[in-house]
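Structure, as structure tokens:
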Amino acid sequence: MISVSGLSVGFGGSFLFEDISFLINKQDRIGLAGKNGAGKSTLLKILAGLQKPQKGEVSKPNECTIGYLPQDMVHNLGKTVFDEAATAFDEVKKLEAAIVTITHQLETRTDYESDAYMNLITQLNEAHERLDLIGAGAINEKIEITLLGLGFERKDFTRLTDEFSGGWRMRIELAKILLQKPNVVLLDEPTNHLDIESILWLENFLRSYYGSVVMVSHDKRFLDNLTTRTIEISMGKIFDYRANYSKYLILRKERKDQLDAAAKNQQKYIDKTQGLIDKYRAKANKASFAQSLIKKLDKLEIVEVDESDNSSIYFRFPPAPRGGKVVVEADQVKKQYGEKTIFSKVDFMIEREEKIAFVGRNGEGKSTMLKLIVGDQAITEGKITLGHNVNIGYYAQNQTEMLDLEATVFDTIDEVAVGEVRKNVRNLLGSFLFSGDDTEKKVKVLSGGEKSRLAMCKLLLEPYNLLVLDEPTNHLDIRSKEVLKNALMKYDGSLVIVSHDRDFLQGLTSKVYEFKNGNVKQHFGDINEYLEEKRIEQLMDLDLKEKKEPGIKKPAEENKGLEEKQKMEKELKNLQTQLSKTEKEIERLEKEIKAFDEKLADPGQYQAIVNDRALFSKYEDSKKRLGLEMIKWEELQGKLS
Numbered sequence: 027m028i029s030v031s032g033l034s035v036g037f038g039g040s041f042l043f044e045d046i047s048f049l050i051n052k053q054d055r056i057g058l059a060g061k062n063g064a065g066k067s068t069l070l071k072i073l074a075g076l077q078k079p080q081k082g083e084v085s086k087p088n089e090c091t092i093g094y095l096p097q098d099m100v101h102n103l104g105k106t107v108f109d110e111a112a113t114a115f116d117e118v119k120k121l122e123a124a125i126v127t128i129t130h131q132l133e134t135r136t137d138y139e140s141d142a143y144m145n146l147i148t149q150l151n152e153a154h155e156r157l158d159l160i161g162a163g164a165i166n167e168k169i170e171i172t173l174l175g176l177g178f179e180r181k182d183f184t185r186l187t188d189e190f191s192g193g194w195r196m197r198i199e200l201a202k203i204l205l206q207k208p209n210v211v212l213l214d215e216p217t218n219h220l221d222i223e224s225i226l227w228l229e230n231f232l233r234s235y236y237g238s239v240v241m242v243s244h245d246k247r248f249l250d251n252l253t254t255r256t257i258e259i260s261m262g263k264i265f266d267y268r269a270n271y272s273k274y275l276i277l278r279k280e281r282k283d284q285l286d287a288a289a290k291n292q293q294k295y296i297d298k299t300q301g302l303i304d305k306y307r308a309k310a311n312k313a314s315f316a317q318s319l320i321k322k323l324d325k326l327e328i329v330e331v332d333e334s335d336n337s338s339i340y341f342r343f344p345p346a347p348r349g350g351k352v353v354v355e356a357d358q359v360k361k362q363y364g365e366k367t368i369f370s371k372v373d374f375m376i377e378r379e380e381k382i383a384f385v386g387r388n389g390e391g392k393s394t395m396l397k398l399i400v401g402d403q404a405i406t407e408g409k410i411t412l413g414h415n416v417n418i419g420y421y422a423q424n425q426t427e428m429l430d431l432e433a434t435v436f437d438t439i440d441e442v443a444v445g446e447v448r449k450n451v452r453n454l455l456g457s458f459l460f461s462g463d464d465t466e467k468k469v470k471v472l473s474g475g476e477k478s479r480l481a482m483c484k485l486l487l488e489p490y491n492l493l494v495l496d497e498p499t500n501h502l503d504i505r506s507k508e509v510l511k512n513a514l515m516k517y518d519g520s521l522v523i524v525s526h527d528r529d530f531l532q533g534l535t536s537k538v539y540e541f542k543n544g545n546v547k548q549h550f551g552d553i554n555e556y557l558e559e560k561r562i563e564q565l566m567d568l569d570l571k572e573k574k575e576p577g578i579k580k581p582a583e584e585n586k587g588l589e590e591k592q593k594m595e596k597e598l599k600n601l602q603t604q605l606s607k608t609e610k611e612i613e614r615l616e617k618e619i620k621a622f623d624e625k626l627a628d629p630g631q632y633q634a635i636v637n638d639r640a641l642f643s644k645y646e647d648s649k650k651r652l653g654l655e656m657i658k659w660e661e662l663q664g665k666l667s
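In this text, residue positions in the sequence shown follow our numbering: the first is 27, and each later residue adds one.
The structure is reproduced here in structure tokens:
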């Protein structure tokens, strides 16, 4: 569908990537991976046609359309949400007008055998095919379904886009892309401003989407649930893995281990050869031999090993001061803005060392409740009582906006640090990846992720026994999120957190409070158990709607039930047979690869193997096939479970 050939992009004398080539096929689900600054967003811009490469080209068929959602965008103002979303169907209007024009020409022209007449017929067919694909009918219904899926309410449809925050305007742009149904969808951090329900809706939509999807995301679960292919940008090259993000990490480590072994063996060969050159170079009768060895070394293709970007924040929260058993107690709490009631009659209790997650659609009051707990806003009715000796550490959703943009990184921490911490400011900043000249940078030049890390760093300046965190993972990369999660799991105080990141929440909290329709409902367990409970509730609701009055089964219904059962048993047996074959193939390939690895690790056999291109190609092919068989095995296991 899209061909990338010999692409090169560089800045300041060095290349982001050089001479890279790959194909985007129909219905591909690709995740772009690579360390910060590797060029993922730049590659998306080039694919979208918004940036030109220094070398190479991106080619696509004329009829191939592309939809691109950047991280930062210019929003259109002055229209209602519904009218702005409806601009996605401008193509429908153009196609309909084109069909009318072409049809009129075909009716009035008489040169039936000419190339021009045949071209008109081709154009008409293509216009009809495209119109069928994007769907000209029920436009209003499609807009409504998409906007509701992305978290808007019907009452929002008539509000001006000017009234919404940047995150909500991003959803409108996403809705327009999804409604346009382009052949290729390019997404740069699409989940940053979505709540869990909207992310689940987007996942389901993209999973069955007819076209290709290429995305950059720090949401590991989102990538795992959607992608079947991961393209890593590393050392100016790309490495293409037929696997989702988690499997890619495993395959990447295997590749790196193999490269490490090959590089060590190659270095041994180089050292040995160099020793022979030094030994015989000065001897007249051995000079030609030494020259031949020099030529061999010159022709040798050096094995490059990627120096992984293992840098990630490292910290632990200070031990929590001892407080009372009850940390926070809410009693009949109500919050109202003017005539609008956000929630009412809310009761809950948070005890010492308890970890709680607040979830729900955006606008249901999760962040508002956090502000009530920390005392940033007034309660309309009821009360919230803090326990004995409670000291709160609060990370607001807009915490990075509260930083002094003109201050340096060092001054930001030094100004609020007291006691012993003051002596260790640089060490503390170092654990958050601010070292050397970075500490003298002004806050205004920092990236979103760097600002988030700096704001998080401030939470370590004094010990708290209650952490209240509102979307702390926004802008953090996957490794940094894992470090933060580990620190929170080891934290011995109480935690109340709002987050849309399911992978981050998994196993972190023991209770989930769901904010919905002005009510707050308690669920025991972590986010996975909550989501499973929600699925069961939805299925039960569906069952109740479809349930008919009880009666006596007719023979035809009984026969149909028996046929369905036999069909399921046949499918199950077929899946078990496929699984058995796949497991045997995996075992065979693993033995084959292991035998090759042992030969590769042997200095005596290394050079002969590397020079045998057919043998090395077979080895690479076996690894690729193993990756595909592993994916197939997991899919079969999923169908059987």
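Just so you know, even glycine gets a beta-carbon here, dropped at the ideal spot from N, CA and C.
Quick check on DSSP: helix, strand or coil for residue 351?
coil
Starting from residue 516, trace the alpha helix (DSSP H) in both directions and tell me its first and last residue.
504–516
Taking residue 31 as the reference, give the member of 45, 37, 40, 41 with the closest Cα.
45
Are the Cβ atoms of residue 416 and residue 353 separated by less than 9 Å?
yes
Could you tell me the alpha carbon to alpha carbon distance between residue 164 and residue 440, rounded to whole angstroms?
60 Å
Can you give me the C-alpha to C-alpha distance between residue 52 and residue 28, rounded to a whole angstrom?
9 Å
Give the range of the beta strand (DSSP E) segment to which residue 549 is assigned.
545–550
Just to confirm the assignment: which complete alpha helix (DSSP H) runs, minimum length 4, are found wholly within the segment 122–186?
141–160, 165–175
Specify the secondary structure class of residue 253 as computed by DSSP and reduced to three states.
coil
Among 538, 69, 481, the one whose alpha carbon lies nearest that of residue 420
481
Roughly how many angstroms lie between the CA atoms of residue 379 and residue 414, to the nearest whole one?
14 Å
Near residue 434, which residues of its chain fall below 8 Å by C-beta distance, leaving aside the five closest residues on each side in sequence?
465, 466, 467, 468, 469
Might you give, ordered along the chain, the residues of its own chain that have their beta carbon closer than 7 Å to the beta carbon of residue 575, omitting 5 neighbours on each side?
With a pLDDT of 42 at residue 575, under the threshold of 50, the modelled position of this residue cannot be trusted; read the value that follows with caution. The answer is none, since no qualifying residue turns up.
Do the segment 483–500 and the segment 514–521 meet, that is, are 3 or more Cβ pairs less than 8 Å apart?
yes
Does residue 126 pass the burial test, meaning 16 or more other C-beta atoms within 10 Å, or should it be called exposed?
exposed
Closer than 6 Å by C-beta to residue 611: which residues in its own chain qualify, once you throw out the five before and the five after it? Chain order, please.
655
So the candidates are 304, 622, 382, 459; which of them puts its Cα closest to the Cα of residue 534?
382
Residue 451 burial status per 10 Å Cβ neighbour count (16 or more: buried):
buried
Just to confirm before moving on: does the CB-CB distance between residue 329 and residue 56 stay below 9 Å?
no
Would you check if the distance between the CB atom of residue 87 and the CB atom of residue 35 is smaller than 9 Å?
no
Is there contact here, the segment 272–281 with the segment 250–259, by at least three beta-carbon pairs under 8 Å?
yes
Is residue 489 buried or exposed, if buried means 16 or more other CB atoms sit within 10 Å of its CB?
exposed
So what does DSSP say about residue 64, is it helix, strand or coil?
coil
Going by DSSP, name the residue or residues bridged to residue 367.
362
Own chain, CB closer than 6 Å to residue 474, minus 5 neighbours either side, in chain order:
501
Does residue 541 come out as helix, strand or coil in the three-state DSSP assignment?
strand
Figure out for me which residue from 202, 265, 346 has the closest Cα to the Cα of residue 282.
265
How would you write the range of the beta strand (DSSP E) that residue 94 sits in, first residue to last?
92–95
Run the CB neighbour count on residue 196, radius 10 Å, all protein chains shown included, and call it buried at 16 or more, exposed below.
buried
Straight-line CA distance for residue 657 to residue 250?
12 Å
Note down the Cα distance separating residue 245 from residue 554, rounded to an integer number of angstroms.
15 Å
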